[in-house]
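Participant: These protein sequence lines are chains A and B, in that order.
So the number in our numbering is just where the residue sits in the first sequence, counting from 1, plus 3.
So the number in our numbering is just where the residue sits in the second sequence, counting from 1, plus 3.
C-beta: ideal position from N, C-alpha, C; glycine also.
What you are looking at is a predicted structure, and each value in this text was computed from that prediction instead of being measured.
There are 2 protein chains.
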Amino acid sequence: MSSSHKQNRDMLGRTDVVSLDEALQLLLKQLPASTARKIMLPLEESLGRICAEDILSPENLPPYPRSTMDGYAVRAKDTFGATEQLPAYLEVSGEVAMGEFPGYGPDPGACHGIATGGILPPGTDAVVMLEHTVSISESMLEVVHPVATGTNVINTGEDIAKGEVLLTAGHRIRPQDIGLLAGVGLANIPICRRVRVGIIATGDEIVHHGQQPPPGKIRDMNSMSLAAQVRILNAKPFFYGIAADNEENLAALLHEAKAASDIVLLSGSSSVGTRDLGEKVIARMGNPGIIVHGVAIKPGKPVIIARADTTMIFGLPGHPVSAAVSFDLFVRPTIIHLSGIAADGLPKNRIISARLMRNINSASGRTDFIRVEIRKVQNHKPEAHPILGKSGALSTMVKAHGFIEIAEKLQGLKEGEIVEVNLFD
Amino acid sequence: MSSSHKQNRDMLGRTDVVSLDEALQLLLKQLPASTARKIMLPLEESLGRICAEDILSPENLPPYPRSTMDGYAVRAKDTFGATEQLPAYLEVSGEVAMGEFPGYGPDPGACHGIATGGILPPGTDAVVMLEHTVSISESMLEVVHPVATGTNVINTGEDIAKGEVLLTAGHRIRPQDIGLLAGVGLANIPICRRVRVGIIATGDEIVHHGQQPPPGKIRDMNSMSLAAQVRILNAKPFFYGIAADNEENLAALLHEAKAASDIVLLSGSSSVGTRDLGEKVIARMGNPGIIVHGVAIKPGKPVIIARADTTMIFGLPGHPVSAAVSFDLFVRPTIIHLSGIAADGLPKNRIISARLMRNINSASGRTDFIRVEIRKVQNHKPEAHPILGKSGALSTMVKAHGFIEIAEKLQGLKEGEIVEVNLFD
Numbered sequence: 004m005s006s007s008h009k010q011n012r013d014m015l016g017r018t019d020v021v022s023l024d025e026a027l028q029l030l031l032k033q034l035p036a037s038t039a040r041k042i043m044l045p046l047e048e049s050l051g052r053i054c055a056e057d058i059l060s061p062e063n064l065p066p067y068p069r070s071t072m073d074g075y076a077v078r079a080k081d082t083f084g085a086t087e088q089l090p091a092y093l094e095v096s097g098e099v100a101m102g103e104f105p106g107y108g109p110d111p112g113a114c115h116g117i118a119t120g121g122i123l124p125p126g127t128d129a130v131v132m133l134e135h136t137v138s139i140s141e142s143m144l145e146v147v148h149p150v151a152t153g154t155n156v157i158n159t160g161e162d163i164a165k166g167e168v169l170l171t172a173g174h175r176i177r178p179q180d181i182g183l184l185a186g187v188g189l190a191n192i193p194i195c196r197r198v199r200v201g202i203i204a205t206g207d208e209i210v211h212h213g214q215q216p217p218p219g220k221i222r223d224m225n226s227m228s229l230a231a232q233v234r235i236l237n238a239k240p241f242f243y244g245i246a247a248d249n250e251e252n253l254a255a256l257l258h259e260a261k262a263a264s265d266i267v268l269l270s271g272s273s274s275v276g277t278r279d280l281g282e283k284v285i286a287r288m289g290n291p292g293i294i295v296h297g298v299a300i301k302p303g304k305p306v307i308i309a310r311a312d313t314t315m316i317f318g319l320p321g322h323p324v325s326a327a328v329s330f331d332l333f334v335r336p337t338i339i340h341l342s343g344i345a346a347d348g349l350p351k352n353r354i355i356s357a358r359l360m361r362n363i364n365s366a367s368g369r370t371d372f373i374r375v376e377i378r379k380v381q382n383h384k385p386e387a388h389p390i391l392g393k394s395g396a397l398s399t400m401v402k403a404h405g406f407i408e409i410a411e412k413l414q415g416l417k418e419g420e421i422v423e424v425n426l427f428d
Numbered sequence: 004m005s006s007s008h009k010q011n012r013d014m015l016g017r018t019d020v021v022s023l024d025e026a027l028q029l030l031l032k033q034l035p036a037s038t039a040r041k042i043m044l045p046l047e048e049s050l051g052r053i054c055a056e057d058i059l060s061p062e063n064l065p066p067y068p069r070s071t072m073d074g075y076a077v078r079a080k081d082t083f084g085a086t087e088q089l090p091a092y093l094e095v096s097g098e099v100a101m102g103e104f105p106g107y108g109p110d111p112g113a114c115h116g117i118a119t120g121g122i123l124p125p126g127t128d129a130v131v132m133l134e135h136t137v138s139i140s141e142s143m144l145e146v147v148h149p150v151a152t153g154t155n156v157i158n159t160g161e162d163i164a165k166g167e168v169l170l171t172a173g174h175r176i177r178p179q180d181i182g183l184l185a186g187v188g189l190a191n192i193p194i195c196r197r198v199r200v201g202i203i204a205t206g207d208e209i210v211h212h213g214q215q216p217p218p219g220k221i222r223d224m225n226s227m228s229l230a231a232q233v234r235i236l237n238a239k240p241f242f243y244g245i246a247a248d249n250e251e252n253l254a255a256l257l258h259e260a261k262a263a264s265d266i267v268l269l270s271g272s273s274s275v276g277t278r279d280l281g282e283k284v285i286a287r288m289g290n291p292g293i294i295v296h297g298v299a300i301k302p303g304k305p306v307i308i309a310r311a312d313t314t315m316i317f318g319l320p321g322h323p324v325s326a327a328v329s330f331d332l333f334v335r336p337t338i339i340h341l342s343g344i345a346a347d348g349l350p351k352n353r354i355i356s357a358r359l360m361r362n363i364n365s366a367s368g369r370t371d372f373i374r375v376e377i378r379k380v381q382n383h384k385p386e387a388h389p390i391l392g393k394s395g396a397l398s399t400m401v402k403a404h405g406f407i408e409i410a411e412k413l414q415g416l417k418e419g420e421i422v423e424v425n426l427f428d
């Protein structure tokens, strides 16, 4: 063991480790183009999904000019110069029924009652709002404010014109987008297929989480938490099982996962017990192979990033905390890239600023991610309490509300500093 | 029509309208206690759900003391005083195999190789990290740094002790929580049932969005977008269909929805065409009945808030934009309250600060919600461009990235001001 230890130390502890920025750049350079395949999906199921192409409106919205106010449909010129002192008098000769197409309109000098959303009757071109009228009798109205042509009216196609682009390729669909698509009658829409993420746990000591582990073994936690991280990004996790620490077994599972996935995650494969093995097997999967092995971050240092043909493969540390952090740093942007989503430049996390409640040391030349608990304080900035546990302790992740990043060039942060906290999803 | 118009104007335009704060307080006072029922759910399906009760750990994590480093398991006292100049010499008499319970340990003065996660062999109490050793031969090791008892070891139950509270009632389950629950072998967990939200569209002019509307009619957009807003909050929407503008029909649908739902949304019921009807029918459903009718906000003013026994009923404006804003202001906090989630005081939206790109006027005494498009600018604060469309225009919601709130007491905002933008989910 000691000789392979020694070799690893030279390899991983020193020469091969790259900075976070370098690792991200190397990753970015190797990412295949988004291969998101187009599928048609019922509108009801499209929330959060990505448009596979521009979606054009098949019709005008509204299809006819409609009132945007409760009031009276008029010819604008009949209200010219009307004031409280000198109102215009209009005959009320009808009413637009909701849900019906008005077959006739008022004569000049007359008006029809209309509710918000009602279709303008023929001959009318504006709506006087209720508040600018005084009802004299059932059939006579005072108008105390003039309107111009088009006032309180939304014209044919003014909201959406036929042929107009409703949503662009790469747009992530939100509730209001669904409302719009329903409004123009699009019941099935072209969506990018979800990114498929294969998950393999590795290690002789790992058993399925539903099993009672015999002494010396532990339950697989990472497969479950990584799958949840995948789901939050609207990608689709697939479990390929637990690979024992032998080349045959791991290679077989990895082949199977690679064939069906855009991304494969091996958890545990980069810890020392299985590191050589994971590295060896990943390197065999295709070209260009391993592109990053070890990043100057804490936690998460021993991460492996590889591309095998068009499949991205990540060897994540076995430590739950390291695995979660490495996922966030490297797998998350990969999923987002492959999902077909167009970059909007908006922050992906909820971020709050908080007061750091103790000094934190950090090695210069390494990017540190510190988990913090947020405590609200009446009338003050919230407090960020660093959670300092052993790196294997999953409970620290559960106590935390988010994390702060200490940049590579900093040697730490001081108590009392105002820091930005990235809140967990 | 004109006489009912007049009555409405007095009722809705003036006396009954309350401020946003008052409306929220009235709502809060009437909210029934969270009635979230407990169900057991497989861990795989628990992401984003709310714990129905405290969840205790059935076992210790780790179950045995484990190494947190790659190195050598030792008796700490054997390394006392070790330095580079005066190293301690230890015999390497074995190695802990991953996944196996070590049946025997090293003799005093000896050590066993151990990898991260390995179980400490009997007799040892610390781990010397690889980097603090020099391998002399296969069986002899120099230790150049002393360790104390417990160094690089995570003890039995140190991460999680048996009986410890893992997650508290009301906690929303995140990926790391799922990892932890998997780690202690909890495969089924007590979760609050989703809040059930019944949705009814109202209006003679509305047809199902899958249908081609005859002239004068329009497709139902709100049911679809409201359902998506419900889903984002992890609640469950149920469609009850489209009610014609007659009391019988609406009352029948509302009764049916009320019996099965925690919350019922009527969309369109508070616009003038169906306003009296919606109000009348809602008032019949149970006590205390309507608690708010009209709020000094724009858009969204004609909202109805009611409680009928233990069901909250909301009459939302028919305008898609007004419906979406009213949902966010009133229905969203109601769903969150009824979901059983414990308040954590953390912001619910992603918020960014941006530079407002034009003046906006706002009536004092009214809270305005302005939709904005965000444009990123290299090396500058992002720009917030207000989207000023007619209030019925759904396209404005689709162009927007988020909204800014203009408080009741303000008369507007000036170009160049730095504003907080609430980004849409």
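Report the rounded CA-to-CA distance for residue 428 of chain B versus residue 326 of chain B, giving the unit in angstroms.
Facilitator: In the second sequence, counting from the first residue as 1, residue 428 of chain B sits at position 425. In the second sequence, counting from the first residue as 1, residue 326 of chain B sits at position 323. Rounded to the nearest angstrom, the two C-alpha atoms are 16 Å apart.
Participant: Is there a Cβ of chain A sitting closer than 8 Å to that of residue 381 of chain B, yes or no?
Facilitator: In the second sequence, residue 381 of chain B corresponds to position 378, counting from 1. Taking Cβ atoms only, chain A never reaches closer than 8 Å to residue 381 of chain B, which makes this a no.
Participant: Residue 204 of chain A and residue 223 of chain A - do their beta-carbons sit closer together than 8 Å?
Facilitator: Numbered from 1 along the first sequence, position 220 holds the residue referred to as residue 223 of chain A. Numbered from 1 along the first sequence, position 201 holds the residue referred to as residue 204 of chain A. Going by C-beta atoms, residue 223 of chain A is nearer than 8 Å to residue 204 of chain A.
Participant: Starting from the Cα of residue 364 of chain B, find the closest Cα among B:313, B:301, B:198, B:104 and give me that residue.
Facilitator: The sequence position of residue 364 of chain B within the second sequence is 361, counting from 1. Ranking the options by Cα distance to residue 364 of chain B, first place goes to B:301.
Participant: According to DSSP, is residue 330 of chain A helix, strand or coil?
Facilitator: Here residue 330 of chain A refers to the residue found at position 327 when the first sequence is read from its first residue. If DSSP states are grouped into helix, strand and coil, residue 330 of chain A belongs with the helices.
Participant: How about residue 38 of chain A and residue 337 of chain A: do their beta carbons lie closer than 8 Å?
Facilitator: Residue mapping note: residue 38 of chain A aligns to position 35 of the first sequence, counting from 1. Residue mapping note: residue 337 of chain A aligns to position 334 of the first sequence, counting from 1. No, the Cβ-Cβ distance between residue 38 of chain A and residue 337 of chain A is not below 8 Å.
Participant: Starting from the C-beta of residue 287 of chain B, find all residues in its chain whose C-beta is less than 7 Å away, skip the five residues before and the five after it, and write them out in chain order.
Facilitator: The residue labelled residue 287 of chain B in the question sits at position 284 within the second sequence. 254, listed in sequence order.
Participant: Just checking my contact of residue 70 of chain B with residue 126 of chain B at CB under 8 Å: how many whole Å lie between their CB atoms?
Facilitator: Along the second sequence, read from residue 1 onward, the residue named residue 70 of chain B stands at position 67. Along the second sequence, read from residue 1 onward, the residue named residue 126 of chain B stands at position 123. Contact flag wrong, Cβ pair sits at about 14 Å.
Participant: Within 8 Å of any Cβ in chain A, is that where the Cβ of residue 19 of chain B sits?
Facilitator: Along the second sequence, read from residue 1 onward, the residue named residue 19 of chain B stands at position 16. Judged by the 8 Å Cβ criterion, residue 19 of chain B is not in contact with chain A.
Participant: Measure the C-alpha to C-alpha separation of residue 496 of chain B and residue 360 of chain A and round it to an integer number of angstroms.
Facilitator: Summary: the structure shown does not reach residue 496 of chain B, with chain B confined to residues 4 through 428, and so no result is reported for it.
Participant: How about residue 225 of chain A: is its C-beta nearer than 8 Å to some C-beta of chain B?
Facilitator: By one-based count along the first sequence, residue 225 of chain A stands at place 222. Chain B contact via Cβ: present.
Participant: Can you tell me which residues form a DSSP beta bridge with residue 374 of chain A?
Facilitator: In the first sequence, counting from the first residue as 1, residue 374 of chain A sits at position 371. Beta-bridge pairing links residue 374 of chain A to A:406.
Participant: Could you have a look at residue 205 of chain B and say whether DSSP puts it in helix, strand or coil?
Facilitator: Walking along the second sequence from the start, residue 205 of chain B turns up at place 202. Looking at residue 205 of chain B - three-state DSSP - the assignment turns out to be strand.
Participant: Quick one: using the 10 Å Cβ neighbour count with 16 as the cut-off for buried, is residue 383 of chain B buried or exposed?
Facilitator: The residue labelled residue 383 of chain B in the question sits at position 380 within the second sequence. Exposed: under 16 other Cβ atoms inside 10 Å.
Participant: Using beta carbons (cut-off 8 Å, strictly below), is residue 16 of chain B in contact with chain A?
Facilitator: If you number the second sequence from 1, residue 16 of chain B lands on position 13. Here residue 16 of chain B scores only 39 on pLDDT, less than 50, and its place in the model should not be relied on; the value that follows carries that caveat. It does: the Cβ of residue 16 of chain B has a partner Cβ on chain A nearer than 8 Å.
Participant: Within its chain, find whatever has a CB closer than 7 Å to the CB of residue 466 of chain A; leave out the 5 residues flanking it on each side and keep chain order.
Facilitator: No information on residue 466 of chain A is available, as it lies outside the stretch 4 to 428 that chain A covers here.
Participant: Measure from the C-beta of residue 166 of chain B to each C-beta in chain A and report whether the shortest distance is under 8 Å.
Facilitator: The residue given as residue 166 of chain B occupies position 163 in the second sequence. It does not: the Cβ of residue 166 of chain B has no partner Cβ on chain A nearer than 8 Å.
Participant: Let's test the definition: count the other Cβ atoms within 10 Å of the Cβ of residue 328 of chain A and tell me whether it reaches 16, buried, or not, exposed.
Facilitator: Mapped onto the first sequence, residue 328 of chain A falls at position 325. Residue 328 of chain A should be labelled buried.
Participant: Can you check whether the CB of residue 130 of chain B is closer than 8 Å to the CB of residue 156 of chain B?
Facilitator: Residue 156 of chain B sits at position 153 when you count from the first residue of the second sequence. Residue 130 of chain B sits at position 127 when you count from the first residue of the second sequence. A contact, by the Cβ cut-off of 8 Å.
Participant: Any C-beta of chain B within less than 9 Å: which residues of the segment 36-69 of chain A qualify?
Facilitator: Correct list: 46, 47, 49, 50, 51, 64, 65, 66, 67, 69.
Participant: Strictly under 8 Å for the Cβ-Cβ distance: is residue 101 of chain A near chain B by that measure?
Facilitator: Stepping through the first sequence from its first residue, residue 101 of chain A is reached at position 98. Interface residue, yes.
Participant: So that I know if they touch, is there some Cβ in chain A lying closer than 8 Å to that of residue 427 of chain B?
Facilitator: Counting from one through the second sequence, the residue named residue 427 of chain B turns up at place 424. At least one chain A Cβ lies under 8 Å of residue 427 of chain B.
Participant: May I have the straight-line CA-CA distance separating residue 348 of chain B from residue 248 of chain B, to the nearest angstrom?
Facilitator: As a first step, residue 348 of chain B must be located in the second sequence, where it is residue number 345. As a first step, residue 248 of chain B must be located in the second sequence, where it is residue number 245. Approximately 42 Å between the Cα atoms of the pair.
Participant: Any beta carbon from chain A within less than 8 Å of residue 323 of chain B's own beta carbon?
Facilitator: Position 320 of the second sequence, counted from the first residue, corresponds to residue 323 of chain B. So yes, residue 323 of chain B belongs to the interface.
Participant: Comparing C-alpha positions only, which one of B:50, B:24, B:416, B:20 sits nearest to residue 232 of chain A?
Facilitator: Locating residue 232 of chain A in the first sequence gives position 229, counting from the first residue. For the residues B:50, B:24, B:416, B:20, the minimum Cα distance to residue 232 of chain A belongs to B:50.
Participant: Taking residue 171 of chain A and residue 345 of chain A to be in contact with their CB atoms under 8 Å, please state how far apart those CB atoms are, rounded to whole angstroms.
Facilitator: As a working mapping, residue 171 of chain A is identified with position 168 in the first sequence. As a working mapping, residue 345 of chain A is identified with position 342 in the first sequence. Between residue 345 of chain A and residue 171 of chain A the Cβ distance is about 7 Å, and since that is below 8 Å, they are a contact.
Participant: Are there any heavy atoms of the ligand MG lying less than 7 Å away from the beta-carbon of residue 358 of chain B, as far as the coordinates show?
Facilitator: You won't find the ligand MG in this model; it holds no ligand whatsoever.
Participant: In angstroms with no decimal places, state the Cα-to-Cα distance between residue 398 of chain B and residue 374 of chain B.
Facilitator: Position 395 of the second sequence holds residue 398 of chain B. Position 371 of the second sequence holds residue 374 of chain B. Whole-angstrom Cα-Cα distance: 11 Å.
Participant: Smallest Cα separation from residue 354 of chain A: which of A:279, A:385, A:158?
Facilitator: By 1-based counting over the first sequence, the position of residue 354 of chain A is 351. Nearest C-alpha to residue 354 of chain A: A:385.
Participant: Per DSSP, what kind of secondary structure is residue 225 of chain B in: helix, strand or coil?
Facilitator: Numbered from 1 along the second sequence, position 222 holds the residue referred to as residue 225 of chain B. Here residue 225 of chain B sits in helix by DSSP.
Participant: I need the straight-line Cα distance from residue 96 of chain B to residue 22 of chain A, nearest angstrom please.
Facilitator: For the purposes of this step, residue 96 of chain B is taken as residue 93 along the second sequence, with counting starting at 1. For the purposes of this step, residue 22 of chain A is taken as residue 19 along the first sequence, with counting starting at 1. Whole-angstrom Cα-Cα distance: 38 Å.
Participant: Does DSSP put residue 397 of chain A in a helix, in a strand, or in coil?
Facilitator: Taking the first residue of the first sequence as 1, we reach residue 397 of chain A at position 394. In the structure shown, residue 397 of chain A sits in coil (DSSP, three-state: anything other than H, G, I, E or B).
Participant: Taking all protein chains shown into account, do 16 or more other C-beta atoms lie within 10 angstroms of the C-beta of residue 15 of chain A, making it buried, or fewer, making it exposed?
Facilitator: Sequence index remark: in the first sequence, residue 15 of chain A carries index 12 (1-based). At residue 15 of chain A, the pLDDT of 40 sits below 50, so the modelled position is not reliable and the matter cannot be decided from this model.
Participant: What separation, rounded to the nearest whole angstrom, lies between the Cα atoms of residue 341 of chain A and residue 387 of chain A?
Facilitator: Start at 1 with the first residue of the first sequence, and residue 341 of chain A comes out as number 338. Start at 1 with the first residue of the first sequence, and residue 387 of chain A comes out as number 384. Answer to the nearest angstrom: the Cα atoms are 34 Å apart.
Participant: Residues in the same chain with beta-carbon distance under 7 Å from residue 298 of chain B, minus the five sequence neighbours each way, listed in chain order, please.
Facilitator: Position 295 of the second sequence holds residue 298 of chain B. Cβ within range, chain order: 20, 21, 23, 26, 304, 306.
Participant: Residue 304 of chain B CB to nearest chain A CB: under 8 Å?
Facilitator: The residue you call residue 304 of chain B lines up with position 301 of the second sequence. Not an interface residue.
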